[in-house]
Each structure stands twice: as structure tokens, then as C-alpha cells.
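Below is one structure, written out as C-alpha cells, with a few remarks after it.
Protein chains: 2
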Amino acid sequence: MFLTETKRFHFLLLLIILHSEVEQAYAVWPMPQQMSQSTDRYPINPQLLAFSYARDSAAQSGCSVLDAAFERYFNLIFPDFVGGTGLSNIWSEPKPFTVSVKVKNGECDGFPDEGSNESYNLSVSAGQAVLKAESVWGALRGLESFSQLVYQDDYNLYFVNKTEIEDFPRFQFRGLLLDTSRHYLPMPAILKTLGAFHPMTHIYTQSDVKRVIYHARLRGIRVVPEFDSPGHTQSWGKGQPDLLTSCYKGKVPSGTFGPVNPTLSSTYQFLNGLFKEVTSVFPDSYLHLGGDEVDFTCWRSNPNVQAFMAKMGFGSDYTKLESYYMENIVNITAALNKTSIVWQDVFDYRERIPMDTVLEIWKGVPADYRAELGRITLAGYRVLLSAPWYINHISYGQDWRNAYTVQPQNFSGTEQQKKLVIGGEVCMWGEYVDATNLTPRLWPRASAAAERLWSDEEKTSSVDKAFPRLEDFRCTLIRRGIQAEPLFVGHCKHEYSGL
Amino acid sequence: MFLTETKRFHFLLLLIILHSEVEQAYAVWPMPQQMSQSTDRYPINPQLLAFSYARDSAAQSGCSVLDAAFERYFNLIFPDFVGGTGLSNIWSEPKPFTVSVKVKNGECDGFPDEGSNESYNLSVSAGQAVLKAESVWGALRGLESFSQLVYQDDYNLYFVNKTEIEDFPRFQFRGLLLDTSRHYLPMPAILKTLGAFHPMTHIYTQSDVKRVIYHARLRGIRVVPEFDSPGHTQSWGKGQPDLLTSCYKGKVPSGTFGPVNPTLSSTYQFLNGLFKEVTSVFPDSYLHLGGDEVDFTCWRSNPNVQAFMAKMGFGSDYTKLESYYMENIVNITAALNKTSIVWQDVFDYRERIPMDTVLEIWKGVPADYRAELGRITLAGYRVLLSAPWYINHISYGQDWRNAYTVQPQNFSGTEQQKKLVIGGEVCMWGEYVDATNLTPRLWPRASAAAERLWSDEEKTSSVDKAFPRLEDFRCTLIRRGIQAEPLFVGHCKHEYSGL
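Protein chains in written order, with UniProt numbering: chain A, 1 to 499; chain B, 1 to 499.
Structure representation (C-alpha cells):
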């Protein structure tokens, strides 16, 4: 059932799409900082397209990141290519097309980190594309943009338009959180992290984690694990006796357990060992320590915790006990040379935490994340925004528009404060999400946040202008075999065929 | 982010599930009318399980519906079975197990229809299951129940418990609507209907339709096409000149088109031809004629329509014009011996329509579907309920509970009126749904409505009691390769592996 008015609108929209060359017009998602295109277009023959290193590039053949990217993007650009000299060749352009890549910094074996330079320049002209970047990570971003510039006409011939792009990300941290604890996500469905479920079939091995980190690195993606404590730790108690606080009913233990017990030195010995092992497995400089949603009921019930509170002079203020705990574990990770990310609760309780700690904002409605952005940056801390990007929440219709219209730096504060917003993180919590619905719930809705975190805010201020571009990009995702759900009525030239 | 309380609840729930044999306890969805089980269980060796026809069954080997069902259910019960004498055979039970099927009515080549008897009795004891049904359609329902009774223990051996089932559906019409017009659904993703999109790649051929009807028949499913007019017909105008009303802006045509033009005899000639062809392709006795959401703006603007209104004495009441149109097309289908289904709008406008017409209620909130149930049945018409089952609408969390707690006969009316509620239809409209997200949005949410339409309402009045059963049934769907999304935190023994 759909109102006739809207139906008619759609009908007109469909006609417009059919009569214009969308691939050419909408091109790159997220929108590059500077991009100019002309209608001059150059044919590309898949058999004669070659990726190559420029002679003066610091990275050359043998660079693991770019060698793998060349092969990957060839397959992404030409999903139907089977090699050989098929019939289609008769119609194809006999001229070669070269994508020449030059990077200044030849480091190919490292990991992307908070200091990575992801800027690049891309110049497409007759027979060639010239891609220049500071680092291999910027080159990856440029290859992605180039791959989106290539399109097929009605005869399935490939073309690319004359194009100039200068690009860099607006925010350095553009994250996606996958929750592997509420539901186990099989390896094919995940990008990151450790977890524990069924002891035989529902675990990630260290080798699984290495595979995730390896695949992420080749795509210029950082893998940041979160070990959330002292709350959200029920499953930890299964393997570690005395780690959790024993809850009391009156004067006797009730048999249930609460948050991690912050009063025992054994707790910190265990966490020191855990984070040492984590550090040896995850190369990233960041480590997420959680610190959210601690329920004080169990701590309050336990006489040993009560005695500890008295000894420390905390009175009955259990936020001080949580502060004490978080301070201790932040110091453990600092000693391991890791930067801690913690949820905003830790700031709200005013723990004394190192100034390089990153605070992540998750409380949205009815809490005002703008006010929290102001408070945290006023205190001089760096901040990540997640509250408006809890993408596991789903509603009927075009809810990607809400994710798109977020303005991460629109709060009361100085320019200096605005700069402390280092980015955001799309969160896919797992209460109602597993491998069966992860992908259509994630794409293309996460792409809305991706553009907000990469692109210039003024140039991407219109959600209505973004709509046809995102529809087009969603078709690109489908063409790449990603089960991205539709934004509205309509169809793609190549539909999802994974059924 | 999840409250610790709830987390703890989940944790306890998980333990309970791990420590009980859920497959055995929860068994069949939707819940049979009468079912008793004992803890006596019998092993089943896949190599020694045989489906057979009872000697006194009216249908025997060669019955297309049951022959195919025997093979299909073998594969559904033993998804991992590869034949031969594998290692697992060492542990398997050497005794045969026979599923013996007896039907009274041996008709195997027809289609399920509104008069089909779907009742069955199933008795499972040592070494055998005896299934008795009036018709092959009832036998199919019994085979489905038997397939859900078989479970695996921790060593992957198969068992079935001693069980007695007497079963029949509460409602005769238990429908699912798939919308193939807002998005094209590829053949693998659909069960029914015709549509038109891209002229080469986005159409269903007559042979596609036959395949759908063939597959549906073997599963005891009716295929009812909907050709919705006079509104929702923009695409029809593309292929049929003068079918749609030309809208006017002042005294000149605006170039846009509105609903079907009800004033021309050519309109009814075209529809007569269309429905004749439809009748030759779709064997079902029902045909859905739509009749919803007609916007009168365009009719009002057209001087020829205005003249027709005057001539017919309709004044300025355009509901009378719509009545006139619907009356005409209902008469066309009546002449073709088809029963018409129409949306509630047609009743609301008080068309003179044949008493065997079925009215379908789609207006839910803020309209009160209960009051409409009362009005339509008071007028003596049969009614289908869809308003609370618009399953394309999605919200965060366990929205299946809303679908489950619907009471289709809970309205003011006599017993006679209640009987006019012949069932309901789950609707999956396609504005935001296509092949990428159809399955996880449909299952297991549609299963909630399925139980409401099949099972006894008193026995299934508790949504909380249904929860673990539906969780278990969702794991059954996953095991059968259906991408059914999770209800809440937790895991299945066999996870979705279609990635």
C-alpha cells in the first residue's frame, strides 16, 4: 500500500534514472574533497588494463599491500572477467589503459595507525590514470575511488571519464564496531575481535584473529579489540574463578555474580596478563577498555567490597570504586604503550585518566550527545562519536538519512575543542544481529556515516542530493556481491545473485 | 551496551538451554491442536529410514505430491546425509524406521484450494510413524510435523520421541503476500505472481509463473495473484494506451496520468482479456483485484470523467465512480468463475459486490481493524486480516511478539460473524525489501503469524511460552539453510553457513 502521490514521484524518478548515466554522474562514495569531471570518456578493455608502479615510486613490485590491491581491484572493477579472448573482445577497445601508482613513503609491511596519511591525488586522462599518495594507505583509498569511476554502458563496454581528484579524510578515526559476543559471527562475516561461546564451535582462535588482522591491513583497516570491563563480563567468570564479585543476599552469597571484583590484587594480576597477551596479538596502538553500564547493586551487597570502600574512604560513592578500577587498568595498558579508548561513563565519573585516553560517546536519546561533546573536549580529551550511529537499531523506511545528517562538530566549543573530535564509530551491537542479517542491516546504512566521516560537511550537507548517489553506490556494492539492502523502490542493472 | 540485569537473565537462559534437550521439548511449530509426547525415544538411522504408502492408502507410489515430499523431507530431516556407509554408521542404530502414510482421498494431481482438508493424525512409536490424512495436503502438514519431531543428540545421532498428534488448521486461509512490483524478486526468492520492470532482465515469463505454481502445489501452497486496480497502475499505462486517466491542469492535459479510466468501454474490454489470460495461467479459484488507495485528484481534473459523472448521476461523489469500476471488474471475474478478493476500501465505499467476495483488511493504526472486522462480517462478507501483519514494517527488538498476540476473532459480533474470518495474510510490501533482505525480514517473524492462523488460540496465548519454542524453530530453519534472523542473544547448534 503506498500513496499514489509518492508512487507517481517514484515513477518520475525511475524515468530520470533510466535516462541518465548514473554511474558517470554520481561516481565516488564517500564524496572526495575535490573532484572535477568532464564528459570526455575513455574506453577500457579489461584485457588491456594494467596496474603499475610509477618509476619514481618509493614502493615497487613486491609491496604486499599494493600488489594484493591491484589484483583485488581488477576483480572488483571487472566482476565478470574470465580472461581469454572472448566474443566481447570484437567490440572492445584495442588500446591499453594504465593505472600508474606512486607513493612517497615505501613502507609496505606495517599497519595503518592513527598517524597514517590517507590523502591521495588521482588524475584520469586518455589511456591512463595517475595516482599519487603519501603512503600505501592513501594509495588504497585512491584505488577505491578509481574503481568506482569505471562504469559500463548499455552494451557492457567499460568507460572512465576524464577526472581530477584531490582527496583526504575529514576525520582520522572512522570506525565500525562488530559485536561478536551477543551472537557468534562466523569468520566469513567478521572483520575483527575475540569472543567466547560454545567451547568447540563458537570460538575464534588466535589464527582466526591473525587472519582478520592480515585481511584488514591489506585494505588499510585498523583492528581495535574491545575488552569491556568491569561490567559485561559474565562470561569471563566462567574461566577465571574469583574474578567477578560474588553478590550477597543479606549475609550470604546468593550464588550470582556481578561486575569484576575491583578490590583484589589478583584481579589486576589477571588483567595485566590478559592485556599483555592481547598486546602480543593485536598490533594496533589503541585498545578499547569499555567501562560502560556498571551496575553497582552487586558491589553494594558484598561485605568485602563494603570494607574496601571504607578503607579507601570512598564513603558510599561507588562511582569512586569504578574510577579506582578504571584508573588501574588504564595504567596497565599505558605501561604496555597502548592508547586506551573508554566509553563516556568513565569521563562522567571523573576518573583520573591519562590525557591521551580517547572517550567514546554512546548515550544519545534522551541524553544530549552534543553537550557531552562540549564537556569532554573542554576537559581536553579526544573524543569519538557513536551515539547517532547505533546501526543495529533499525526502523522502517530511510533511516540512513538520520545517520547522514549528523554533524559531529556542531556543539558549543572553541576551534581547538572541535579538533579533539577525532571521528566516530558505527556500532553494530549483536542482540538481534548475527550472520543471517548482518550484511543487509549494515550496508548501505553504514555508508551514510562513512561519507559523514570522510567528506567535506558543506559539500555533503544535502541528504536529498546524497540519495541518488547512495542508490548508485548501493548498486556498486551489489555488483561486488555485497548483500546491501535497497534504499527505496527501483532496481539495479545487476541485481543481487547470491541466493 | 546492555543492562547487566538483562545480561544476567540471558546468561541463565543460555545455561537452561544448554542443559535441556530443546529439540525434544519444543518440537512442532505451529503448535498442533492436540499433541502428547513421552520421554521414550527411538533411534533413527538415516540409512534405514523409509517413507512408504500404507497398503490401504488411496494414494500409492506414483502420487506426484507425496513421492516428491518423501524425498524432500528426507533431505530436510538429514541435511548432512551423503549416503554410503560412513564411520558414523558404527554408532548408528541397525533397526529400520518406517513412516507409513495413508490418505483417504487419492487425488494427487490437483491444486490445494479453499475446500482442501488439511487435517492429519500422526502416531510415532517404536520403529514407525503412522500418518493418516484425509487428503495429500493434510499428509504434507503431517510430514512437516514429523520432520520437526526428529532431533539430534550431542553425538549427532537422530531420535524421535513417542508422540501422538491430532491436528488441523484454525483458519483455512493463511497467506503470505510478496510484492514483486516495488522491487523485482528473482525467481529463487519468490513464490508467486507476475510483474514488469526492465523489459529484458526484470520480468517473469509464463514459464516462471508455472514453475512457481508447480513448486507451490507440491508443498500444498495456493498461489493467488493480485492485479491491483484502478490505482497502483502507473506501469500498466506503459503498455496500454488510453488505459489510464489523463490528468488535466486547468483546461489542458498535464502530461501525467492517474488511475485506470473507468469511463471507457475499452478499459473493460482490456481487463476482460487480461483476466481471461490470468485465469488460464493461475489455477486457483481466488483472484485479488486490489481496489485500494485510489486518489481522486486526477479523475476530478479530467473533463471527460466529469461529463461521465454527470451522465451517471454520481454528483461529485467519486467513491461512486470507483464503486462503478469495481462492480464491473468483480462481475468480469465472477463470469470467469473466480472468487474475488478486494481490499477493505471497496467495502468502505459500499460497492454492490457479490456476497462471495472476500474483503481484506489492511488499515491498522490509527484505524481500528477490530471495528472493521465487525462491520464487514455484520454485512455477511468473508474477511481476511492483514493490518497487524504488515511484516515489511520493522522495528528494533522482538517485534514478532506483536504479530503473535493478534486475536483475529476478538471483535464485537456473533459466532456466525466470527466464522466469516477465514484467515489472514502476512504482507511483505517491497518499498524497502528485495532479494537482499527478504529472507531475514520474513523469517522467523512470519512464523509468529503462522502459529496464530494454524493453532488453537487458548493453547498459544502466552507469547513468553512461545519464545523458546520459536527460538528452537528458528534454529530448525537455519539448519534447513533458511537465512532466518535471531530473536535475541544466543546461538544454534548449527549456525547459518550460507555466507
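The beta-carbon is built from N, C-alpha and C at its ideal position, and this holds for glycine as well.
Remember, predicted model here, so these are calculated numbers, not experimental data.
Is the Cβ of residue i closer than 8 Å to any Cβ of chain B?
i	result
Thr-205/A	no
Val-489/A	yes
Pro-444/A	no
Asp-434/A	yes
Asn-437/A	yes
Glu-431/A	yes
Tyr-404/A	no
Ile-361/A	no
Pro-440/A	yes
Compute the distance between the beta-carbons of residue i and residue j, then report whether it is under 8 Å.
i	j	result
Asp-242/B	Ser-266/B	yes
Gly-424/B	Gly-127/B	no
Val-223/B	Val-212/B	yes
Ala-129/B	Phe-111/B	no
Ser-123/A	Trp-137/A	no
Ala-54/B	Val-101/B	yes
Ile-422/A	Arg-382/A	yes
Ala-69/B	Leu-264/B	no
Ser-38/A	Asn-161/A	yes
Glu-495/B	Ala-435/A	yes
Thr-339/A	Val-358/A	yes
Gly-290/B	Trp-362/B	no
Leu-336/A	Phe-275/A	yes
Cys-298/B	Gly-258/B	yes
Val-463/B	Tyr-396/B	no
Lys-459/B	Cys-475/B	no
Asp-456/B	Gln-172/B	no
residue 551/A	Asn-302/A	Shown here, chain A extends from 1 to 499; a query on residue 551/A therefore has no answer.
Tell me, please, whether the CB atom of residue i is closer than 8 Å to any CB atom in chain A?
i	result
Glu-226/B	no
Pro-468/B	no
Ala-484/B	yes
Gly-397/B	yes
Arg-479/B	no
Tyr-369/B	no
Tyr-151/B	no
Glu-425/B	no
Give the DSSP-derived three-state secondary structure of residue i in the structure shown.
i	result
Cys-475/A	helix
Glu-118/A	coil
Ala-196/A	Confidence is the limiting factor: at Ala-196/A the pLDDT is only 34, short of 50, which leaves the residue's position unreliable, though a coordinate-based value still follows. Ala-196/A: strand per DSSP, three-state reduction.
Ile-422/B	strand
Ser-316/A	coil
Arg-401/A	helix
Gln-34/B	strand
Thr-436/A	coil
Glu-431/B	coil
Pro-94/B	coil
Tyr-325/A	helix
Thr-245/B	strand
Ser-254/A	strand
Tyr-268/B	helix
Arg-469/B	helix
Assuming residue i contacts residue j under a Cβ cut-off of 8 Å, what Cβ separation, rounded to an integer in Å, is found between them?
i	j	result
Pro-79/B	Arg-370/B	So it is not a contact: roughly 43 Å between Cβ atoms.
Ile-341/A	Leu-384/A	7 Å
Ile-486/A	Tyr-214/B	Sequence check: residue 486/A is Pro here, not Ile. Not quite, the Cβ-Cβ distance comes to about 29 Å (not below 8 Å), so this is no contact.
Asp-167/A	Arg-141/A	7 Å
Leu-477/A	Pro-444/A	6 Å
Glu-118/A	Pro-43/A	That pair is no contact at about 30 Å.
Ala-446/A	Ile-391/A	6 Å
With DSSP as the reference, please indicate the residues paired to residue i in a beta bridge.
i	result
Trp-343/B	Glu-360/B
Ala-59/A	Answer is none; Ala-59/A lacks a bridge partner.
Ile-376/A	According to DSSP, Ile-376/A bridges with nothing at all.
Pro-43/A	Phe-159/A
Lys-132/B	Lys-102/B and Asn-121/B
Arg-445/B	Looking at the DSSP assignment, Arg-445/B forms no beta bridge with any residue, so it has no partner.
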